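Residue numbers (our numbering), protein chains in the order written: chain D, 9 to 358; chain W, 9 to 358. Virtual Cβ for every residue (Gly too), placed ideally from N, Cα, C. The structure presented is a predicted model; accordingly, all values stated were derived computationally and were not measured. So the structure is just underneath, and the comments pick up after that.
Number of protein chains: 2
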Amino acid sequence: MPATIRDVARESGVHISTVSRTFSAPHLVNPETRSRVLACAEHLGYRPNRAARALITGRTHNIGLIVADIANPFFPPLIKAAESQARQRDYHIFVTDTNEDANVEEGLVRALAKQVDGVLLCSPRMSNSLIEQLSREVPLVVVNRQLTGLPTVVMDVAQGARLAIEHLRGLGHTRIALVAGPRGSWTSREIRRSAMSAARASEADLAVIGPNQPTETGGMAVADQIVRSGVTAVLAYNDLMAIGLIEGLHELGHRCPQDISVVGIDDIALSRLTRPKLTTVATPTAAAGRAAVDMLLAHGDDRRTTAQVTLQTELVIRDSTGPGPGPHSHADPGGVVAAALGDVASYAKE
Amino acid sequence: MPATIRDVARESGVHISTVSRTFSAPHLVNPETRSRVLACAEHLGYRPNRAARALITGRTHNIGLIVADIANPFFPPLIKAAESQARQRDYHIFVTDTNEDANVEEGLVRALAKQVDGVLLCSPRMSNSLIEQLSREVPLVVVNRQLTGLPTVVMDVAQGARLAIEHLRGLGHTRIALVAGPRGSWTSREIRRSAMSAARASEADLAVIGPNQPTETGGMAVADQIVRSGVTAVLAYNDLMAIGLIEGLHELGHRCPQDISVVGIDDIALSRLTRPKLTTVATPTAAAGRAAVDMLLAHGDDRRTTAQVTLQTELVIRDSTGPGPGPHSHADPGGVVAAALGDVASYAKE
DNA sequence: CCACGGCCTGCAAACGTTTGCAGGAAACTA
DNA sequence: TAGTTTCCTGCAAACGTTTGCAGGCCGTGG
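Written as structure tokens, this is what we have:
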């Protein structure tokens with residue numbers, strides 16, 4: 009029913025190969041012929057059949073985009089940016105969601121592999137070795153994980169975490185908790201590493217709690233651990249957890265920032281609209297989406313291009329952080345903190 | 009490089025057509041042969057080339073899903089449900105985003121038309137006639153708009169709005185505002201129609217404000233209009249706007265629900281986590297996503313199937329609504345309300 | 001006037017499947 | 001045993017493009 013290249017050829021009195029070239033290699037055809045062909049094509053409503061084209065060229069002009077959880081507001085800006093970048097280059101994007109599950113992730117990459125020209129793997133939860141193995145089946149660009157031998161784009165969360173800790177330390181907080189993210193998250197490990205070294209450098213105690221689900225509920229769920237640990241400030245894996253945590257603390261009768269300071273990471277749109285407005289580490293998610301598409305499309309067919317992009321982050325100070333306790337307000341026992349720190353060990357063993 | 013049907017045929021000593029049938033019509037091949045073929049296929053890592061299959065069958069096994077704004081938390085549950093439903097039937101989904109722009113929407117449908125088997129159009133902003141025209145180019149299922157002659161799935165927001173108004177009226181509110189959604193939204197019109205008739209029936213005043221952007225910012229932006237209008241309760245087009253509005257009211261010194269009650273629509277995850285927890289009309293978004301996929305896939309090739317599905321909604325009462333003013337607290341002038349009501353007229357003309 | 005390029009166009013072979021048709025073997029019916 | 005059905009498999013023609021190759025035409029230089 010839809011017009012084919014043959015219809016256009018017949019109508020414009022040329023061979024199909026000329027019609028083909030009019031679209032895929034315009035400089036090879038006489039301008040006069042070309043415009044005639046274009047007119048006929050327009051008139052017949054002809055659009056090249058992508059399946060046929062894919063069959064012979066081997067390129068589908070589709071890109072897979074796999075995210076951990078499309079409902080996490082961190083991702084939509086990244087997705088939108090990737091989509092528009094791809095569309096400009098006449099590519100389309102398949103977005104899919106793994107429900108934070110490493111197994112689902114693997115299955116999706118495999119399923120997508122044969123019908124896309126490459127996959128953008130965002131915030132993967134699977135192991136490095138599995139990622140490397142999959143990268144031999146389909147071109148991969150990894151976002152939010154550093155990985156040698158593969159093209160990656162990461163946010164400099166280490167710097168962000170350091171700035172956050174220093175900010176809290178500067179406000180007088182010496183007992184700080186880090187609410188970790190999900191198991192398998194490179195970003196979470198990176199934040200932990202950097203926050204711990206920053207805490208050590210500035211002589212603050214850092215209790216790590218986790219791993220946790222990176223959602224509001226996950227943040228809410230650790231509220232009582234936070235309270236029991238006796239910390240006066242918290243750095244959360246992401247804004248969603250920070251918001252959930254503030255909510256949970258509120259229900260336990262602890263106010264933010266008066267009783268406890270909270271810093272998030274990501275700077276999602278919502279963080280400007282909560283009460284209190286969230287102090288957070290802004291990550292350039294849209295830029296990451298664009299960069300990932302560019303990198304995937306850049307190395308045409310020559311694999312083995314392995315650029316590594318790191319995007320800067322920035323501390324945005326709003327209302328969820330305030331001054332720490334006075335010098336003589338010794339809150340509570342090291343015992344509980346030690347218990348909380350026990351979680352660090354169990355986390356390190358993951 | 010990747011294994012083709014021919015490699016499998018050679019390795020298993022049968023003709024390619026037998027291999028083909030092993031996958032696309034298993035009942036036509038001897039179980040013994042079949043298992044041998046499957047073993048070879050597995051061994052070679054063979055996966056049918058979808059482009060080649062699409063070329064001959066005319067079906068891509070892809071579905072387009074167009075939403076107004078992927079960053080609106082209303083959509084992710086719908087998207088997830090649609091994706092998993094589609095995946096079960098060996099279909100994949102292209103998700104795209106129109107930025108609430110009717111023109112972008114049209115372009116996307118056209119671009120998608122040739123490379124998917126059908127399009128799910130969620131919360132369209134374009135005109136009915138344009139939708140009908142596009143439905144002749146590609147099978148369409150419309151979500152969140154009633155439209156005769158096309159398969160549609162809608163939520164019964166009319167009932168939801170009525171319940172919300174009655175709830176507010178039951179709490180003693182007589183001056184109520186409706187914060188409308190974006191121009192072109194069927195849902196918004198439906199809510200307005202139903203809310204107005206419910207208000208009339210229960211002898212309450214209803215001021216309609218809008219159209220507005222359906223985001224937190226959009227809700228925040230109408231806070232001062234709400235205050236000036238002197239209403240004591242508000243029904244918002246969606247939860248996002250309700251949350252933004254509560255925030256905006258708070259900044260103006262009006263507390264919810266003590267000074268003003270607010271009801272949202274959608275019951276997004278976030279509405280359980282704000283302060284106060286949001287009273288809202290729950291819409292079955294996941295069910296809508298599943299239903300839409302089913303309807304698209306149901307009418308195999310016979311167009312002209314035009315089932316219309318309506319899903320029930322439900323009022324969820326939480327903490328953002330409270331008792332209205334006492335009988336002798338006559339707040340303010342009808343003049344301002346009239347001004348606000350003036351907006352109704354301008355909106356009706358849209 | 002001939003030889004030689006440079007443009008442009010046509011020809012035909014791919015690409016990896018699906019599927020109607022036909023044929024052969026085995027299993028059933030009469 | 002012959003005829004008929006059932007089950008399975010092979011054959012080959014599509015599907016709508018792209019692209020290397022070859023040839024025709026025209027203009028230029030010798």
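Inset, instruction - Using DSSP bridges, identify the partner residues of V161 of chain W. - result: Translated into positions along the second sequence, residue 161 of chain W becomes position 153. BP columns for V161 of chain W point to W:V151 and W:V317.
Legend entry - Same chain, Cβ closer than 7 Å to A1 of chain W, neighbours up to 5 away in sequence not counted: No information on residue 1 of chain W is available, as it lies outside the stretch 9 to 358 that chain W covers here.
Inset, instruction - Report yes if the C-beta distance between G261 of chain D and G227 of chain D is below 8 Å; otherwise report no. - result: Counted from its first residue, the first sequence places residue 261 of chain D at position 253. Counted from its first residue, the first sequence places residue 227 of chain D at position 219. Result no, Cβ atoms of G261 of chain D and G227 of chain D do not sit closer than 8 Å.
Legend entry - Contact list for the segment 51-63 of chain W against chain D, Cβ threshold 9 Å: Of all residues in the segment 51-63 of chain W, G53, R55, P56, N57, R58, A59, A60, R61, A62 and L63 have a Cβ within less than 9 Å of some Cβ in chain D.
Legend entry - Closer than 9 Å at the beta carbon, the chain D residues around T104 of chain W: As a working mapping, residue 104 of chain W is identified with position 96 in the second sequence. Ordered by position in chain D, the residues that pass the 9 Å Cβ test against T104 of chain W are E91, R95, H100, I101 and V103.
Inset, instruction - For the segment 314-334 of chain D and the segment 188-202 of chain D, state whether three or more C-beta atom pairs, one from each stretch, are separated by less than 8 Å. - result: no
Inset, instruction - Answer with yes or no whether the minimum CB distance from L281 of chain W to chain D is below 8 Å. - result: Numbered from its first residue, the second sequence carries residue 281 of chain W at position 273. Chain D contact via Cβ: present.
Inset, instruction - Determine whether the Cβ of P419 of chain W lies closer than 8 Å to any Cβ atom of chain D. - result: Residue 419 of chain W is absent from the model: chain W starts at 9 and stops at 358.
Inset, instruction - Please confirm if the segment 50-63 of chain D is in contact with the segment 239-257 of chain D, defined as three or more CB-CB distances below 8 Å between the two stretches. - result: In short, these stretches do not touch, since the Cβ pair count stays below three.
Legend entry - Complete runs of the beta strand (DSSP E) confined to the segment 268-304 of chain D [at least 3 residues]: Taking only runs of at least 3 residues, the beta strand (DSSP E) segments lying wholly in the segment 268-304 of chain D are 269-274 and 287-290.
Legend entry - DSSP beta-bridge partners of T104 of chain W: For the purposes of this step, residue 104 of chain W is taken as the residue at position 96 of the second sequence. Bridge partners of T104 of chain W: W:I74.
Inset, instruction - Indicate whether at least one CB of chain D lies closer than 8 Å to the CB of A79 of chain W. - result: The residue given as residue 79 of chain W occupies position 71 in the second sequence. Output row for A79 of chain W: interface = yes.
Inset, instruction - Determine the direct distance from the alpha carbon of P292 of chain W to that of I217 of chain W, and round the result to whole angstroms. - result: Taking the second sequence and counting its residues from 1, the one referred to as residue 217 of chain W is at position 209. Taking the second sequence and counting its residues from 1, the one referred to as residue 292 of chain W is at position 284. Cα to Cα, I217 of chain W sits roughly 26 Å from P292 of chain W.
Inset, instruction - Put R183 of chain D into one of helix, strand or coil per three-state DSSP. - result: Within the first sequence, the letter at position 175 stands for residue 183 of chain D. DSSP places R183 of chain D in strand when its eight states are reduced to three.
Legend entry - Proximity test, Cβ basis, 8 Å: Q123 of chain D and chain W: As a first step, residue 123 of chain D must be located in the first sequence, where it is residue number 115. Q123 of chain D counts as touching chain W.
Inset, instruction - Starting from D213 of chain W, follow its DSSP beta bridges and name the residues at the other end. - result: Locating residue 213 of chain W in the second sequence gives position 205, where the first residue counts as 1. Answer is W:R183.
Legend entry - Coil, strand or helix - G126 of chain W by DSSP: Reading the second sequence from its first residue, position 118 is the one you call residue 126 of chain W. Secondary structure at G126 of chain W: strand, using DSSP grouped into helix, strand and coil.
Inset, instruction - Could you list which residues in chain D have their beta carbon closer than 8 Å to that of H258 of chain W, in chain order? - result: Counting from 1 along the second sequence, the entry for residue 258 of chain W is found at position 250. The contacting residues are R283.
Legend entry - Amino acids of chain W, ordered along the chain, whose beta-carbon sits closer than 9 Å to that of E255 of chain D: Locating residue 255 of chain D in the first sequence gives position 247, counting from the first residue. Chain W residues near E255 of chain D: L281, T282 and R283.
Inset, instruction - Could you tell me how far apart the beta carbons of L253 of chain W and V187 of chain W are, in whole angstroms, since I believe they sit closer than 8 Å? - result: For this step, residue 253 of chain W is matched to residue 245 along the second sequence. For this step, residue 187 of chain W is matched to residue 179 along the second sequence. Indeed, because the Cβ distance is near 7 Å, the residues count as touching under 8 Å.
Legend entry - Member of D:D105, D:L128, D:R61 and D:T106 whose CA lies at the smallest distance from the CA of A94 of chain D: Sequence index remark: in the first sequence, residue 94 of chain D carries index 86 (1-based). Taking only the C-alpha atoms, the option nearest A94 of chain D is D:L128.
Legend entry - Contact set between the segment 179-196 of chain D and chain W, restricted to residues whose Cβ is under 8 Å from the partner: Those would be none; no residue qualifies.
Inset, instruction - Flag T68 of chain D as yes if its beta-carbon sits less than 8 Å from any beta-carbon of chain W, otherwise no. - result: Position 60 of the first sequence, counted from the first residue, corresponds to residue 68 of chain D. So, interface residue.
Legend entry - E108 of chain W classed as buried or exposed, judged by whether at least 16 other C-beta atoms fall within 10 angstroms: In the second sequence, residue 108 of chain W corresponds to position 100, counting from 1. Within a 10 Å sphere around the beta-carbon of E108 of chain W sit 16 or more other beta-carbons, which makes this residue buried.
Legend entry - Contiguous alpha helix (DSSP H) assignments of at least 4 residues, all confined to the segment 21-103 of chain W: List check, alpha helix (DSSP H) in window: 24-32, 39-52, 58-65 and 83-96.
Legend entry - Extent of the continuous alpha helix (DSSP H) run through A324 of chain D: Taking the first sequence and counting its residues from 1, one reaches residue 324 of chain D at position 316. According to the sequence shown, residue 324 of chain D is Val rather than Ala. Segment E322 to V324 is the beta strand (DSSP E) holding V324 of chain D; no alpha helix (DSSP H) there.
Inset, instruction - Counting only the same chain and skipping the five closest in sequence on each side, list residues whose C-beta sits under 6 Å from that of E145 of chain W. - result: Working through the second sequence from its first residue, we reach residue 145 of chain W at position 137. For E145 of chain W, where only same-chain residues beyond five positions count, the Cβ hits under 6 Å are A121.
Inset, instruction - Starting from E224 of chain W, find everything on chain D with Cβ-Cβ shorter than 9 Å and list it in chain order. - result: On the second sequence, position 216 is the one that residue 224 of chain W refers to. Chain D residues near E224 of chain W: A277, L278, R280 and L281.
Inset, instruction - Check whether the Cβ of G330 of chain W lies closer than 8 Å to any Cβ atom in chain D. - result: The residue given as residue 330 of chain W occupies position 322 in the second sequence. No, no contact with chain D.
Inset, instruction - Measure the CB-CB distance between G332 of chain W and G180 of chain W and report whether it falls below 8 Å. - result: As a position in the second sequence, residue 332 of chain W is number 324, starting the count at 1. As a position in the second sequence, residue 180 of chain W is number 172, starting the count at 1. Closer than 8 Å, so yes.
Inset, instruction - Give me the Cβ distance between L148 of chain W and G126 of chain W, rounded to the nearest whole Å; I'm assuming they're in contact under 8 Å. - result: As a working mapping, residue 148 of chain W is identified with position 140 in the second sequence. As a working mapping, residue 126 of chain W is identified with position 118 in the second sequence. Right, their Cβ atoms sit about 7 Å apart.
Inset, instruction - Return the residue from the list W:V317, W:D327, W:S328 and W:R326 that minimises the CA-CA distance to G157 of chain W. - result: Along the second sequence, one-based indexing puts residue 157 of chain W at 149. If we check each option's Cα against that of G157 of chain W, W:V317 comes out closest.
Legend entry - Beta-carbon proximity list for S328 of chain W, same chain, < 6 Å, skipping 5 on both sides: Residue mapping note: residue 328 of chain W aligns to position 320 of the second sequence, counting from 1. The beta carbon of S328 of chain W sits closer than 6 Å to those of C264, P265, V270, P284, L286 and T287, all from its chain and outside the five residues before and after it, given in chain order.
Inset, instruction - Kindly indicate the opening and closing residues of the beta strand (DSSP E) around A241 of chain D. - result: To locate residue 241 of chain D, count along the first sequence from 1; it is residue 233. Counting along the chain, the beta strand (DSSP E) containing A241 of chain D begins and ends at A241 to A244.
Legend entry - contact_flag[the segment 40-47 of chain W, the segment 17-28 of chain W] where n(CB pairs < 8 Å) is 3 or more: yes
Legend entry - Contact with chain W by G252 of chain D, beta-carbon distance below 8 Å: As a first step, residue 252 of chain D must be located in the first sequence, where it is residue number 244. Closer than 8 Å to the CB of G252 of chain D there is at least one CB belonging to chain W.
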